[in-house]
Amino acid sequence: MFQPQSAYAFYSPTKVLSGNKALENLPVELDGMNAVKPLILTTPVLSARGMEKIVASAFGDSNLTIGVFSGVPPQPDLRLIRELYGLYRDNGYDAIIALGGGPVLDTAKALNIAVSGRPEDLESLASGNPLTKKLRPLAAIMNLDLSGCEMTRYASLGPLSLTSPALIPDLMIIDSRTVPEEEQKTMAATALMSMTQAVEACLHPARNPLTDAYAYGATRFIMENITNVMRNPSDRKGRLALANAAFFAQTSFDNLAPGMVYELGMAMSRSCQTNPGLIMGMLLPHFLLLEMRKETTDRKDLYLFIGGPEAFAGTMAEASSRKAVDRIVEILLELQSIVADFPRSIRDLGIKKEDLEKIVAQGSAAGVRGEHDPQDIRNIMEKAWETRF
Amino acid sequence: MNHYKEMQPGSKPIKRAYVALMLWFVGRAIEAAARVDGVVKAEFDGLSPGFTFSLGVMPQGPTMIVGKDDQGLVRYRGWDPEGQKIDLKMKIKNLEGAILMFTFQESTALATARNRLIVDGEVPAACAIVRVLDIVEVYLLPKLIAKLAVKRYPDWFFGEKIRNRIRIYAGAVFGL
Amino acid sequence: MDLPGYYEYYCGVKIIAGHDALERIPVILQDLHACRPMIVTDKGVAGAGLVDIVLGAVKDQLTIGAVADDVPPDSDLRVVNRLAALYREQDCDALIAVGGGSVMDTAKGINIVVSEGADDLMKFSGAGALKRPLKPLVAVPTTAGTGSEVTLVAVVKDHERHLKMAFVSYFLLPDVSILDSRMTLSLPAAITAATGMDALTHAIEAYYGLSKNPLSDATALAAIRLISRNLVEVTRNPSDREARLAMANAAALAGMAFSNSMVGMVHTLGHATGSVCGVPHGVCMAILLPYGLEYNRHKREAIMGELLFPMGGSDVFAGTHKEQRTDRVIAYVRQMNQDLHDASGGRHARFFKEVLDREGKPAVPRGRLPDIARTALGDGSIFYNPEDLDYDDFLMVLEAAWEGVALDSGRIRK
Ligand SMILES: [Fe+2]
Chain Y
1 MFQPQSAYAF
11 YSPTKVLSGN
21 KALENLPVEL
31 DGMNAVKPLI
41 LTTPVLSARG
51 MEKIVASAFG
61 DSNLTIGVFS
71 GVPPQPDLRL
81 IRELYGLYRD
91 NGYDAIIALG
101 GGPVLDTAKA
111 LNIAVSGRPE
121 DLESLASGNP
131 LTKKLRPLAA
141 IMNLDLSGCE
151 MTRYASLGPL
161 SLTSPALIPD
171 LMIIDSRTVP
181 EEEQKTMAAT
191 ALMSMTQAVE
201 ACLHPARNPL
211 TDAYAYGATR
221 FIMENITNVM
231 RNPSDRKGRL
241 ALANAAFFAQ
251 TSFDNLAPGM
261 VYELGMAMSR
271 SCQTNPGLIM
281 GMLLPHFLLL
291 EMRKETTDRK
301 DLYLFIGGPE
311 AFAGTMAEAS
321 SRKAVDRIVE
331 ILLELQSIVA
341 DFPRSIRDLG
351 IKKEDLEKIV
361 AQGSAAGVRG
371 EHDPQDIRNI
381 MEKAWETRF
Chain D
390 MNHYKEMQPG
400 SKPIKRAYVA
410 LMLWFVGRAI
420 EAAARVDGVV
430 KAEFDGLSPG
440 FTFSLGVMPQ
450 GPTMIVGKDD
460 QGLVRYRGWD
470 PEGQKIDLKM
480 KIKNLEGAIL
490 MFTFQESTAL
500 ATARNRLIVD
510 GEVPAACAIV
520 RVLDIVEVYL
530 LPKLIAKLAV
540 KRYPDWFFGE
550 KIRNRIRIYA
560 GAVFGL
Chain B
566 MDLPGYYEYY
576 CGVKIIAGHD
586 ALERIPVILQ
596 DLHACRPMIV
606 TDKGVAGAGL
616 VDIVLGAVKD
626 QLTIGAVADD
636 VPPDSDLRVV
646 NRLAALYREQ
656 DCDALIAVGG
666 GSVMDTAKGI
676 NIVVSEGADD
686 LMKFSGAGAL
696 KRPLKPLVAV
706 PTTAGTGSEV
716 TLVAVVKDHE
726 RHLKMAFVSY
736 FLLPDVSILD
746 SRMTLSLPAA
756 ITAATGMDAL
766 THAIEAYYGL
776 SKNPLSDATA
786 LAAIRLISRN
796 LVEVTRNPSD
806 REARLAMANA
816 AALAGMAFSN
826 SMVGMVHTLG
836 HATGSVCGVP
846 HGVCMAILLP
856 YGLEYNRHKR
866 EAIMGELLFP
876 MGGSDVFAGT
886 HKEQRTDRVI
896 AYVRQMNQDL
906 HDASGGRHAR
916 FFKEVLDREG
926 KPAVPRGRLP
936 DIARTALGDG
946 SIFYNPEDLD
956 YDDFLMVLEA
966 AWEGVALDSG
976 RIRK
């Protein structure tokens, strides 16, 4: 673990506040960034679940005025950003607080680009021109219904893909009141997405001591908490650990190029409208088995991440990679026994055999950037389709 | 626009009142402790003449102020920082943080470790004041709670110290 | 891995590492919208040819506005103001700090003056005084130890008014830190050893301290692993580039760990010994580190035992019973000091009575220990130490560290 990579770059500009009464630190943190009037963005669902009230009450006694927009749809678009732009400008907001996963962060990041410059900057960034202005403060309040890109440099808005390190939120709050119990399958999908990001980071050829450190934190927290939380969703500390793991995994992922399982999962999710985290969970063991056959020396320590120091040190070096895969499969089997209608293969997720060839073509053309042999991809996908755990 | 509203999140009067009461109590207890406890007195003697510090909640109180007067005696100086020269400001970042501290769910050490306080002023003075607060806590709190509040419960707490506790309580409550 | 009830973590510094990382400075500055940096450094660094290496790496691609190579070993307000004036005269738009702790502090001080248009730096001391980003600052550390390339504190001394001003703000963090093996290749063995032990102390105190959290833990473990594998080696063999880069990485990782989890009594006593007797910081750290472990052990036994994994590796860890792991960790640190002592031809001190000043006289006379213990009472790092210490406790630790004997566990009040 923690091999010094001879050349690397690493960047994580987010300040983390995690735990008891973390939300109540929002006013003081905003003040430190010279912001006094935040606009909270969230979804109708989260608002109906009372999340927005909890965040608003954290501003009690702070003397600040806040705005709440609770209409973020599952597929935000440019028109929404233009409307929010007017609202932000006209009412004198100076910071954004994103409460929720995926679309909320996409909206928040896009809005932040618009209000820090002009709405036209969105198209300009999407067509490859860098941002020239420092963005306004952006805080994210994490939960366990995540897309995997919340705390990264990526955002998408309809057809626009936005990528810039400036999009990474300045602040991340993890507070048990705003990490509520989600459906088991949703939480499992989020954890498997994090697991995939972290495992691919520690197998990545360009891994460095910092991506290792974040991937280590992510895998340890997931392995120690995933089944407990599924069995007992009221385990608050476990949910917080999984939310922390999601952030660590996203940060290691954000500092390396996306891995093959991640890309395939995203491609399949797009073409079959299925949750990407569950797909990645089904692909991961098959990918690892294939990797193991390639015998690359710096992959020997995967079991340290998966099993922890005690288990790793107590295992013979030759058996260690195999143990790592076994542990992941064990977790998937446990999830099957706990989570109602948890998939046993990608076939169970509604992916058709005839779609696979299409995804192989897509995956090797666009997503996977030609680093992986199409034959490998085909192999993994067929295994994940045919084999049931 | 639908789904949009602007609001002024309200205040928390009961929590504020509780913290204000506790601060008043601790402020007067420090004054009394400086009279009866040699170690507390020595800590204050080591600070500059007229040294004054405040302990309060951001953004706008409640606050308590304690300082040395012209004779070098330690005095509780009320709640209003207006017009007072304050050498050391200890500010709890928000009301909930203050509630955690004054309901003894978080000790001073834990609150510091969790970055709940902002300290503005000379570090050696801050160290001295934290030691004073620890001693006052040992006097004011039952042993079971105080053991959680300080890193190491002192082994000197018997005999004369028990009598001091009564005098500090009397000072804090009745101003005796 | 443990999740504390509450924690905060931040390190917004972009890390660029490699054997030729300096070559990326022009692109980095371009990303930061700057094109005319001022280089801040000291005579020692410039004399060792390190500024020339930096200049060589950026040649033709960048106009250097000014090179200021006269930062004193102790940061000074007058120097900060003079160099800020130079920055303005030369129309610079960014700072590149090449050096150790004092150079970093000075560059951070200059940055406050030139960004805030300040005439009195004092106005910006204390927490929360800075509210907006400063000018771009690129840090190029030339020792592997202090971690100041990733810390948010700057200390500037006003020698005329005998004041020490501390500035604390996220905006003081460098935008980018460049870890390039060429910057530490010429570091003498004794300094390599002492600064490396400073980094090890940062990681270990962060790992058992009261503000430990998952990210400070992960960065601390990585740092300890790298230091255990490379410090003795690089002290023996100073021109080992891989080991130099590993140590530069380790120091930055340890810096991230301790700037978020803080340090404890080893630093409390180290700062005090430094200010009373003028002993270099790293030397104090090496000597005092075993005592931090021994003194706090009863509160942190299991956590300290975990350190045997990054220190000793898999086999040692698996082969040592849980109850014996902390003993092994402490023995390991002492052995490391012994190995560094041997590798540096006896120049790396193992205990205070062995430390000599420039004239070769004992730098820490036994009679000064009470002064050091008294000074320690005023150092804020003690807040983050698991166990409390009063004057008597400080003195007990200092006496053991002077003599070089283990702490008598019966005398540690629990
Ligand atoms: Fe240090």
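Chains as they are written, first to last, in my numbering: chain Y, 1 to 389; chain D, 390 to 565; chain B, 566 to 979. Here a beta-carbon is modelled for each residue, glycine too, at the ideal position from N, C-alpha and C.
Given a cut-off of 8 Å on the beta-carbon distance, is the pair residue i and residue j in contact?
| i | j | result |
| --- | --- | --- |
| CYS849/B | GLY839/B | yes |
| GLY71/Y | ASN391/D | yes |
| HIS832/B | GLU770/B | yes |
| SER746/B | ALA788/B | no |
| ALA764/B | ILE792/B | yes |
| SER776/B | TYR575/B | no |
| ARG82/Y | ASN112/Y | no |
For residue i, which residues in the same chain have their Cβ closer than 8 Å to its Cβ, ignoring the five residues on either side in sequence?
| i | result |
| --- | --- |
| ASP459/D | GLY439 |
| ILE629/B | ARG601, PRO602, MET603, ILE604, LEU620, VAL623 |
| ARG464/D | GLU420, VAL455, GLY456, LYS457, ASP458 |
| LYS688/B | ALA694 |
Would you tell me roughly how many angstroms separate the C-alpha atoms of residue i and residue j, rounded to the nearest one?
| i | j | result |
| --- | --- | --- |
| ALA406/D | GLN397/D | 20 Å |
| LEU660/B | PHE736/B | 14 Å |
| LEU342/Y | TRP413/D | As written in the sequence, residue 342/Y is Phe, which differs from the Leu given in the question. Cα to Cα, the separation comes out at about 58 Å. |
| LEU854/B | TYR772/B | 13 Å |
| ARG344/Y | GLY265/Y | 15 Å |
| ALA422/D | VAL429/D | 7 Å |
| ASP670/B | PRO701/B | 15 Å |
| LEU41/Y | GLY427/D | 56 Å |
| ASP567/B | ASP782/B | 9 Å |
| ASP373/Y | ASP212/Y | 25 Å |
| GLU120/Y | PRO165/Y | 19 Å |
| GLN889/B | ILE895/B | 10 Å |
| PRO638/B | GLY664/B | 10 Å |
| ILE677/B | LEU171/Y | 24 Å |
| ASP957/B | ASP936/B | 12 Å |
| ALA709/B | ALA613/B | 16 Å |
What is the DSSP secondary structure of residue i, reduced to helix, strand or coil?
| i | result |
| --- | --- |
| TYR575/B | coil |
| LEU858/B | helix |
| MET142/Y | coil |
| ASP641/B | strand |
| ARG541/D | coil |
| LEU597/B | coil |
| MET195/Y | helix |
| GLU395/D | strand |
| PRO180/Y | coil |
| GLY583/B | strand |
| PHE69/Y | strand |
| VAL872/B | For the sequence presented, residue 872/B should be read as Leu rather than Val. It is coil, neither helix nor strand. |
| GLY560/D | helix |
| ILE346/Y | helix |
| VAL229/Y | helix |
Leaving out five residues before and five after residue i in sequence, what residues of the same chain have Cβ atoms less than 7 Å from its Cβ?
| i | result |
| --- | --- |
| MET961/B | ARG976 |
| VAL415/D | MET453, VAL525 |
| ALA317/Y | LYS300 |
| ASN91/Y | GLY67 |
Could you tell me whether the Cβ of residue i comes closer than 8 Å to any Cβ of chain A?
| i | result |
| --- | --- |
| PRO27/Y | This model lacks chain A altogether, as its protein chains are Y, D and B. |
Taking 7 Å as the cut-off, is the beta-carbon of residue i closer than that to any non-hydrogen atom of ligand 3?
| i | result |
| --- | --- |
| THR838/B | You won't find ligand 3 in this model; what it holds is ligand 1. |
Take residue i and list the residues in its own chain whose beta-carbon comes closer than 6 Å to its own, dropping the five residues that flank it on each side.
| i | result |
| --- | --- |
| ALA366/Y | In this prediction, ALA366/Y has a pLDDT of 49, which is less than 50 and means its spatial position is unreliable; what the coordinates show is noted afterwards. Hits under 6 Å: none found. |
Within the stretch 243-289 of chain Y, note down every full alpha helix (DSSP H) run reaching 4 residues or more, in order along the chain.
-> Whole alpha helix (DSSP H) segments, 4+ residues: 260-272.
Please list the segments of the alpha helix (DSSP H) lying wholly inside the stretch 110-162 of chain Y, counting only runs of 4 or more residues, in order along the chain.
-> Unbroken alpha helix (DSSP H) runs of no fewer than 4 residues, entirely contained in the stretch 110-162 of chain Y, are found at 120-126, following chain order.
May I have a chain-ordered list of the alpha helix (DSSP H) segments no shorter than 4 residues that lie completely inside the stretch 675-757 of chain B?
-> With a minimum length of 4 residues, there is no unbroken run of alpha helix (DSSP H) contained wholly in the stretch 675-757 of chain B.
Alpha helix (DSSP H) segments (min. 4 residues) lying fully within the stretch 402-474 of chain D | List check, alpha helix (DSSP H) in window: 402-425, 427-434.
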